[in-house]
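Each residue of the sequence shown is one higher than the one before, counting from 2 in the working numbering. Yeah, the Cβ is synthetic: ideal placement off N, Cα and C, and Gly gets one too.
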Amino acid sequence: MNRSPEHKPRPMVDLIVSVILPSFILMKLSGEDKLGVSGGLMLALAFPLGWGVFELVKYRKFNFIALLGLVSVLLTGSIGLFELDNKWLAIKEASIPAIIGIAVLVSTFTPYPLVRALLFNAAIMDVEAIQNKLEENNSVQVFERKLMKATYFVAGSFAFSAIMNYVLAKWIVTSPAGTEAFNEELGQMTLYSYPMIAIPSMVMMMAIFYYLWRSIHKATGLKLEDLMVKK
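Structure (structure tokens):
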């Protein structure tokens, strides 16, 4: 039986393919003397769309967040190509992280909370050893409360992303869809979203992970090297 290759994060490749190249195309190659408005938009969106499809096909693993990313790209293309009111761009930009945040909260009422999948899973931590120590120290309930608090923090980070995405889209993209100016502003928004939204959100997630690690350490007495899965 063929096993799917293990997914390894490649942040620099993600940044180049999903942010830098699309932004450059939208801002520099969308003029009528180059690719044109529609051509520039389609080529720019083809990079993150193609990369997302490649990742999903290669690793053969359903990824809710990656799927939302693909939907986001398709919606952006539709807004530009069909020349819809650009207010829909701001709504779309806010809706994707908002949906993820809501899903994180709703999942706490199911047997499969998303926070466990994101932060407390067997691919990252030695869950079995942690669980045994929690039971041994009678700390299961205390840890569950900490995990629920981490859930609220994660949902809050996505709420931050939703608000910032909406503000950034309304602030930068003011030209009608289907124009060269719209493409240029879309490229600027894509470029600015990394330092203004993606990096702060990443810092928040790292802080949440640190909070979770500290909570596990206090509840179990295990050190960081004992918590992580041995490769």
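Is it buried or exposed for MET2, if we count other Cβ within 10 angstroms and need 16 for buried? The residue you call residue 2 lines up with position 1 of the sequence shown. With a pLDDT of only 45 at MET2, under the threshold of 50, the placement of this residue in the model should not be trusted; the figure read from the coordinates follows. Answer is exposed; the Cβ neighbour count stays below 16.
Alpha carbon to alpha carbon, how far is LEU30 from SER79? Give it in angstroms, no decimals. One-based indexing of the sequence shown puts residue 79 at position 78. One-based indexing of the sequence shown puts residue 30 at position 29. The straight-line gap from Cα to Cα measures roughly 19 Å.
At least 3 beta-carbon pairs within less than 8 Å: the stretch 140 to 158 vs the stretch 197 to 215: Put simply, the stretch 140 to 158 touches the stretch 197 to 215. At least three CB pairs are less than 8 Å apart.
Could you give the distance in angstroms between the alpha-carbon of VAL18 and the alpha-carbon of MET43? For the purposes of this step, residue 18 is identified with residue 17 of the sequence shown, where counting begins at 1. For the purposes of this step, residue 43 is identified with residue 42 of the sequence shown, where counting begins at 1. Using only the alpha carbons, I get a separation of about 14 Å.
Burial state of ASN184 (16 or more Cβ within 10 Å): As a working note, residue 184 is residue 183 in the sequence shown. ASN184 is buried by the Cβ-count criterion.
Give a yes or no on contact between the stretch 131 to 150 and the stretch 184 to 194, applying the rule of three or more CB pairs nearer than 8 Å. Cβ pair count under 8 Å is below three, so no.
Residues bridged to MET197 (per DSSP): Here residue 197 corresponds to residue number 196 of the sequence shown, with the count starting at 1. Note: MET197 is not bridge-paired with any residue in the DSSP secondary-structure output.
Got a sec? Which residues, its chain only, sit under 6 Å from PHE48 by beta carbon, not counting five neighbours each side? For the purposes of this step, residue 48 is taken as residue 47 along the sequence shown, with counting starting at 1. The residues are VAL18, LEU22 and PRO23.
How close, in whole Å, do the beta carbons of VAL174 and MET190 come, if the pair is a contact with beta carbons under 8 Å? For the purposes of this step, residue 174 is taken as residue 173 along the sequence shown, with counting starting at 1. For the purposes of this step, residue 190 is taken as residue 189 along the sequence shown, with counting starting at 1. Their Cβ separation, rounded to whole angstroms, is 6 Å, which keeps VAL174 and MET190 in contact under 8 Å.
Nearest-angstrom beta carbon gap, LEU46 and THR77 [assumed within contact, 8 Å]: Here residue 77 corresponds to residue number 76 of the sequence shown, with the count starting at 1. Here residue 46 corresponds to residue number 45 of the sequence shown, with the count starting at 1. Between THR77 and LEU46 the beta-carbon gap is near 6 Å, inside 8 Å, which marks them as a contact.
Have a look at the DSSP bridge pairing and note the partners of MET126. What you label residue 126 is simply residue 125 of the sequence shown in a count that begins at 1. Looking at the DSSP assignment, MET126 forms a beta bridge with MET229.
Limits of the unbroken alpha helix (DSSP H) element including PRO98: To locate residue 98, count along the sequence shown from 1; it is residue 97. It spans 88 to 107 - the alpha helix (DSSP H) in which PRO98 sits, taken as one unbroken run.
Please report how far the alpha carbon of PRO195 lies from the alpha carbon of ASN139, in whole angstroms. Translated into the one-based positions of the sequence shown, residue 195 becomes position 194. Translated into the one-based positions of the sequence shown, residue 139 becomes position 138. According to the sequence shown, residue 195 is Tyr rather than Pro. Taking the straight line joining both Cα atoms gives about 43 Å.
Less than 8 Å between the C-beta atoms of SER108 and LEU119, yes or no? Taking the first residue of the sequence shown as position 1, residue 108 is located at position 107. Taking the first residue of the sequence shown as position 1, residue 119 is located at position 118. No, the pair does not count as a contact, with Cβ atoms beyond the cut-off.
Which first and last residues belong to the alpha helix (DSSP H) in which GLU145 is found? For the purposes of this step, residue 145 is identified with residue 144 of the sequence shown, where counting begins at 1. Annotation for GLU145: the continuous alpha helix (DSSP H) segment containing it runs 141 to 173.
Where the alpha helix (DSSP H) through SER24 begins and ends: Within the sequence shown, the letter at position 23 stands for residue 24. Following the DSSP letters along the chain, one finds SER24 inside the alpha helix (DSSP H) bounded by residues 22 to 29.
Could you tell me the distance, in whole angstroms, from the CA atom of PHE144 to the CA atom of MET13? Position 143 of the sequence shown, counted from the start, is the residue given in the question as residue 144. Position 12 of the sequence shown, counted from the start, is the residue given in the question as residue 13. PHE144 and MET13 have their C-alpha atoms some 35 Å from each other.
Applying the criterion that 16 or more other CB atoms from any shown protein chain within 10 Å of the CB defines a buried residue, is ALA208 buried or exposed? As a working note, residue 208 is residue 207 in the sequence shown. Under this definition ALA208 is an exposed residue.
Compute the distance between the beta-carbons of LEU82 and SER39, then report whether it is under 8 Å. Mapped onto the sequence shown, residue 82 falls at position 81. Mapped onto the sequence shown, residue 39 falls at position 38. Yes, the Cβ-Cβ distance between LEU82 and SER39 is below 8 Å.
Could you tell me how far apart the beta carbons of GLY37 and ILE26 are, in whole angstroms, since I believe they sit closer than 8 Å? For the purposes of this step, residue 37 is taken as the residue at position 36 of the sequence shown. For the purposes of this step, residue 26 is taken as the residue at position 25 of the sequence shown. The pair is not a contact, with the Cβ atoms about 12 Å apart (cut-off 8 Å).
Terminal residues of the alpha helix (DSSP H) in which LEU119 lies: Here residue 119 refers to the residue found at position 118 of the sequence shown. From DSSP, the alpha helix (DSSP H) with LEU119 extends over 115 to 119.
Out of curiosity, what's the CA-to-CA distance linking VAL20 and GLN142? Position 19 of the sequence shown, counted from the start, is the residue given in the question as residue 20. Position 141 of the sequence shown, counted from the start, is the residue given in the question as residue 142. Approximately 42 Å, taken between the alpha carbons.
Considering only the beta carbon of each residue, do ALA95 and ASN166 sit closer than 8 Å? Working through the sequence shown from its first residue, we reach residue 95 at position 94. Working through the sequence shown from its first residue, we reach residue 166 at position 165. Yes, the pair counts as a contact, with Cβ atoms nearer than the cut-off.
Which same chain residues, not among the five before or five after LYS224, have their C-beta less than 8 Å away from its C-beta? Here residue 224 refers to the residue found at position 223 when the sequence shown is read from its first residue. Only HIS218 meet the Cβ criterion.
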